[in-house]
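Below: one structure, written as structure tokens.
Number of protein chains: 2
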Amino acid sequence: MEFDLSGAMDVLRRTPPVLRALLENLPEPWVRGNEGPETFSPFDVVGHLIDGEETDWMPRARIILARGADPRFEPYDRFRHRLRNAGRTLADLLSEFATLRSANLAQLASWRLGPAELELRGTHPTLGPVTLRELLATWVTHDLGHLAQTARVMAKQYRVSVGPWIAFLPVLTDHERPRS
Amino acid sequence: MEFDLSGAMDVLRRTPPVLRALLENLPEPWVRGNEGPETFSPFDVVGHLIDGEETDWMPRARIILARGADPRFEPYDRFRHRLRNAGRTLADLLSEFATLRSANLAQLASWRLGPAELELRGTHPTLGPVTLRELLATWVTHDLGHLAQTARVMAKQYRVSVGPWIAFLPVLTDHERPRS
Numbered sequence: 002m003e004f005d006l007s008g009a010m011d012v013l014r015r016t017p018p019v020l021r022a023l024l025e026n027l028p029e030p031w032v033r034g035n036e037g038p039e040t041f042s043p044f045d046v047v048g049h050l051i052d053g054e055e056t057d058w059m060p061r062a063r064i065i066l067a068r069g070a071d072p073r074f075e076p077y078d079r080f081r082h083r084l085r086n087a088g089r090t091l092a093d094l095l096s097e098f099a100t101l102r103s104a105n106l107a108q109l110a111s112w113r114l115g116p117a118e119l120e121l122r123g124t125h126p127t128l129g130p131v132t133l134r135e136l137l138a139t140w141v142t143h144d145l146g147h148l149a150q151t152a153r154v155m156a157k158q159y160r161v162s163v164g165p166w167i168a169f170l171p172v173l174t175d176h177e178r179p180r181s
Numbered sequence: 002m003e004f005d006l007s008g009a010m011d012v013l014r015r016t017p018p019v020l021r022a023l024l025e026n027l028p029e030p031w032v033r034g035n036e037g038p039e040t041f042s043p044f045d046v047v048g049h050l051i052d053g054e055e056t057d058w059m060p061r062a063r064i065i066l067a068r069g070a071d072p073r074f075e076p077y078d079r080f081r082h083r084l085r086n087a088g089r090t091l092a093d094l095l096s097e098f099a100t101l102r103s104a105n106l107a108q109l110a111s112w113r114l115g116p117a118e119l120e121l122r123g124t125h126p127t128l129g130p131v132t133l134r135e136l137l138a139t140w141v142t143h144d145l146g147h148l149a150q151t152a153r154v155m156a157k158q159y160r161v162s163v164g165p166w167i168a169f170l171p172v173l174t175d176h177e178r179p180r181s
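Taken in sequence, the protein lines are chains A and B. Position one of the first sequence corresponds to residue 2 (the numbering used here), numbered consecutively onward. Position one of the second sequence corresponds to residue 2 (the numbering used here), numbered consecutively onward.
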């Protein structure tokens, strides 16, 4: 599929309500369960997505659009949320994520980006030159990857309870060592 | 996590609204894109979940609860939905799934299952003896696996658009040959 800004924004707009429908008011074991040491629970995923709103996607888009001499992105801290959200509730994080996402999408729309702007480049600290179009496509894909992760992590909480059916449930066995 | 009937039903109740929030009114390329030949699109996933409501979970639970001499399940047709839903719209399938799920959960609640019923057994055509508890845990896990699949299949539509970021997006590369 070709990248299309309005389609991308349509998907980005859905992530907060999807997470709310999936997670709000769920019992804590579902919200806090993960896939093992150094892996994310659903709570961690929402915190990580908030970090993206505050420090990743729009700040990087602004660096690109500023057309400076050195459009280099700040490195992104994948674990910023751990300290930031200690003691917070999931309900609180879900609200914060929805507010931040909504404001970011309003700002993105206000830029009225056309094909020329989408070709502008920034410099990723490890990947090198990347376009604004690639950044925005990655924002969408990153959301969807973490939605998939959230559902997978929840599924794994019933790994033992399914008994012999584990053989027919690849969601339980395809990521023995999860990468995200 | 220990299986708990009310927690399981809480998750099962969420699947129709989660899919609606993720998919309703999305452009067709997002709804019909898949991961290659013989793989499911988001449209196919909703059709497959409808098949589960009609032919899998509750019919099998009824076979177990009937306590007959031969509590053997019918084999499940993973591709029933293909013919059944040709020409239908996603909006129509989402509504049908929500209606079927709601009715099934109402019936499940009406049975007031206790620990003794959850230990009753049926015979799976290939897995052999399984308990009602395992069947219900599998229902939940199957939903979550297909939610993860739906998000992953959507993510893959931007596989090329993300450019060099593909290296940081395991959702695009962890299932080169998807099993579900």
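Backbone N, C-alpha and C define an ideal beta-carbon position, used for all residues, glycine too.
- Within the segment 118-145 of chain A, contact with chain B at the beta-carbon level (separation under 9 Å) is assigned to HIS125, THR127, LEU128, GLY129, PRO130, VAL131, THR132, ARG134, GLU135, LEU136, LEU137, ALA138, THR139, VAL141, THR142, HIS143, ASP144, LEU145.
- The beta carbon of LEU95(A) is closer than 8 Å to those of PRO17, LEU20, ARG21, LEU24, GLU25, VAL47 in its chain, skipping five residues each way along the sequence.
- PRO130(B) is not a Cβ neighbour of ARG73(B), given a cutoff of 8 Å.
- Contact with chain A is found for MET2(B), since one of that chain's Cβ atoms lies less than 8 Å from the residue's Cβ.
- The segment 136-153 of chain B and the segment 83-97 of chain B do not touch, with fewer than three beta-carbon pairs separated by less than 8 Å.
- By the CB criterion at 8 Å, LEU173(B) and ALA152(A) fall outside the cutoff.
- For GLY164(A) and GLY53(B), the gap between their C-alpha atoms comes out near 19 Å.
- DSSP, reduced to helix, strand and coil, places GLY37(B) outside both helices and strands of the structure shown, so it counts as coil.
- Per DSSP, reduced to three states, the secondary structure at HIS147(B) is helical.
- Residue LEU137(A) holds the alpha-carbon nearest to the alpha-carbon of ASP5(A) among LEU137(A), ARG81(A), TRP112(A).
- Between the alpha carbons of ALA104(B) and SER103(A) lies a gap of roughly 35 Å.
- As the crow flies, the alpha-carbon of ARG85(B) is around 20 Å from that of MET59(B).
- DSSP places THR100(A) in the helix class (H, G or I) of the three-state scheme.
- With a contact defined as Cβ atoms closer than 8 Å, THR40(A) and ARG81(A) miss out at about 17 Å.
- What HIS176(B) touches in chain A, judged by beta-carbon distance under 9 Å, is PRO171, ASP175, going in chain order.
- Of PHE169(A), ILE167(A), ALA168(A), LYS157(A), the smallest CA-CA separation from PRO179(A) is found for LYS157(A).
- Looking at the DSSP output, HIS125(B) shares a beta bridge with GLY129(B).
- Taking 8 Å as the upper bound on Cβ-Cβ separation, chain B lies near residues LEU27, PRO28, PRO30, TRP31, GLY34 of the segment 27-51 of chain A.
- A Cβ-Cβ distance of about 24 Å is found for the pair ILE51(B) and LEU114(B), leaving them out of contact under the 8 Å criterion.
- The bridge partners DSSP lists for ARG73(A) are THR124(A).
- Comparing alpha-carbon positions, the option among GLN150(A), PHE169(A), TYR159(A), VAL161(A) lying closest to HIS176(A) turns out to be GLN150(A).
- Here ILE64(A) has PRO72, ARG73, PHE74, GLY123 as same chain residues with Cβ atoms under 8 Å from its own Cβ, once five neighbours each way along the sequence are excluded.
- Excluding five sequence positions before and after LEU170(A), the CB atoms of its chain that fall closer than 7 Å to its own CB belong to VAL163, given in chain order.
- At a C-beta separation below 7 Å, LEU101(A) has no neighbours in chain B, since its nearest C-beta there lies roughly 18 Å away.
- Following the DSSP letters along the chain, one finds PHE4(B) in no alpha helix (DSSP H), marked with neither H nor E.
- With respect to the C-alpha of SER111(A), the residue from PRO28(A), MET2(A), SER7(A) having the closest C-alpha is SER7(A).
- Membership of ILE51(A) in the alpha helix (DSSP H) is indicated by the continuous run 43-52.
- Annotated three-state conformation of GLU118(A) is helix, per DSSP.
- Membership of THR174(B) in the alpha helix (DSSP H) is indicated by the continuous run 171-174.
- For the set LEU109(B), ASP45(B), PRO30(B), MET2(B), the Cα lying nearest the Cα of ARG14(B) is the one of LEU109(B).
- Interface annotation for the segment 48-79 of chain B against chain A: empty, criterion Cβ-Cβ distance under 7 Å.
- Any Cβ of chain A closer than 8 Å to the Cβ of ALA107(B) would place that residue at the interface, and such an atom is absent.
- The beta-carbon separation of PRO28(A) and MET155(A), rounded to 11 Å, does not stay under the 8 Å limit for a contact.
- Within chain B, no residue has its CB atom less than 7 Å from the CB of LEU6(A), the nearest being about 11 Å off.
- GLY146(A) counts as buried, since no fewer than 16 other beta carbons sit within 10 angstroms of its beta carbon.
- DSSP places ARG85(A) within a helical segment (H, G or I) once states are collapsed to three.
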